[in-house]
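The next block holds one structure in the form of structure tokens; read it before the comments.
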Amino acid sequence: DPAVSGVLPILVNDATKCAGAVMKGGKEYVCIMRLHGDVSDDKLEEAIKFFTGDIYQVPPVRSSVARTLRVRTIYRIELLERDGRNVLMKVACSGGTYIRKLCHDIGLYLGCGAHMQELRRTRAGPFTEDESHTLLDIYSALRDYRESGAEEPLRRILRPVEEAVKHMPKIYVLDTAVDAICHGANLAVAGVARVEATVKRGEAAAIMTLKGELVALAEARMNAEEIIKASHGIAAKTERVIMERGTYPPIWKGGRRRVRT
């Protein structure tokens, strides 16, 4: 789309298993909305408030998904600047939100019509525009690596998989529990070393080693406080294993005191 630019995370190899986690991190955009008629500032502010929160959307005709009604969340809309019928705004929203459709719907609410004139994605999940690279940057780094073996430029672009989950609540496990999880086992409370206070029952969490390595993505089966107090049971259901089997010794032993961070 020639009217759209900005952050586009590209996941490679086993990091592709984290695509869902990146999507759940939400997105932020800066958008120019073109109004088709004259609207007062008060009326525009009213429309912005109306479309903040959970909204219904049908994907636009030019989209790659089925055009079915779905719920999306607009966390906030901030009016940055206005020049007549051109409105510059920042939108923070859940993954899968169509800003083009949002502008159209705001126009319907205002009664004058509107369309998205230009869009720039400034954040996708945990990744921001400040840490992004252009295609030319990637090409130059890859060329340097192939021609001279220089790794540093490429390493600045290719980030560790752990950065894809830096926005997620984390459960840190004992070394002795890692390999069992790598084989698909659920995480028992006996294998937990420490847990972040943001871990909540039924929500996604990242299972990490004590060195900060990503082991797997999971669904928490207990809140952080429950994990700390429990003497047995399943702390998290393993959903996507990231770490290769055999990275840690295949032993399962528990007993260490669990702490919340």
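Under my numbering, the first residue of the sequence shown carries the number 782, and numbering increases by one thereafter. By construction, the Cβ of each residue, glycine as well, lies at the ideal position given by its N, Cα and C atoms.
Where residue i sits in the DSSP three-state scheme
i       : result
Ala1011 : coil
Cys893  : coil
Gly865  : coil
Thr1024 : According to the sequence as given, residue 1024 is Met; it is not Thr. Coil.
Gly801  : helix
Leu789  : coil
Ala974  : strand
Asp835  : strand
Leu768  : The first residue shown for the chain is 782 and the last is 1042, placing residue 768 beyond what the model contains.
Glu994  : coil
His982  : According to the sequence displayed, residue 982 carries Arg and not His. Note: Arg982 maps to coil in three-state DSSP.
Ala828  : helix
Ile813  : strand
Ala1005 : helix
Cys884  : helix
Arg1038 : Caution applies to Arg1038, whose pLDDT of 47 falls short of 50 and renders its modelled position unreliable; the value that the coordinates give is listed next. Correct three-state label for Arg1038: coil.
Glu1017 : Correcting the residue identity first, residue 1017 is Ala in this sequence and not Glu. Three-state result, Ala1017: strand.
Ala987  : strand
Ala784  : coil
Ala999  : strand
Ala873  : strand
Ile1032 : coil
Per-residue burial, residue i [other beta carbons within 10 Å of its own, 16 or more giving buried]
i       : result
Glu809  : buried
Gly806  : buried
Lys1045 : Absent from the model: residue 1045. The displayed extent of the chain is 782 to 1042, so no value can be given.
Ala978  : exposed
Ala847  : exposed
Ala985  : buried
Arg937  : exposed
Ile855  : buried
Asp886  : buried
Thr1019 : buried
Leu998  : buried
Val793  : exposed
Ala931  : exposed
Leu917  : exposed
Leu991  : exposed
Leu850  : exposed
Short Cβ contact (8 Å threshold) for residue i with residue j
i       : j       : result
Arg853  : Gly877  : yes
Asp960  : Pro1031 : yes
Val980  : Ile1009 : no
Lys871  : Glu862  : no
Gly1014 : Val954  : no
Leu900  : Ile919  : no
Ala905  : Pro783  : no
Leu891  : Ala828  : yes
Gly993  : Cys893  : no
Leu935  : Ala945  : no
Thr1028 : Cys963  : yes
Arg1021 : Lys798  : yes
Ala873  : Cys884  : no
Contact test: residue i Cβ vs the ligand HEM heavy atom, cutoff 7 Å
i      : result
Glu859 : Summarising the ligand content, the structure contains no ligands, and the ligand HEM is consequently not present.
For residue j and residue i, believed in contact at Cβ under 8 Å, the rounded distance
i       : j       : result
Met814  : Met897  : 6 Å
Met1089 : Leu995  : Coverage of the chain is limited to positions 782 through 1042, which leaves residue 1089 absent and any answer about it impossible.
Val1001 : Gly972  : Looking at the sequence shown, residue 1001 is not Val but Ala. Contact doesn't hold; Cβ gap of about 14 Å is too wide.
Asn967  : Ala1011 : Actually they do not touch by this definition, with Cβ atoms about 14 Å apart.
Thr903  : Gly787  : 6 Å
Leu825  : Gly888  : Contact flag wrong, Cβ pair sits at about 11 Å.
Ile1023 : Val942  : 6 Å
inquiry  = I'd like the ranges of any alpha helix (DSSP H) spanning at least 4 consecutive residues and lying wholly in the stretch 901-969.
reply    = 916-929, 933-938 and 956-963
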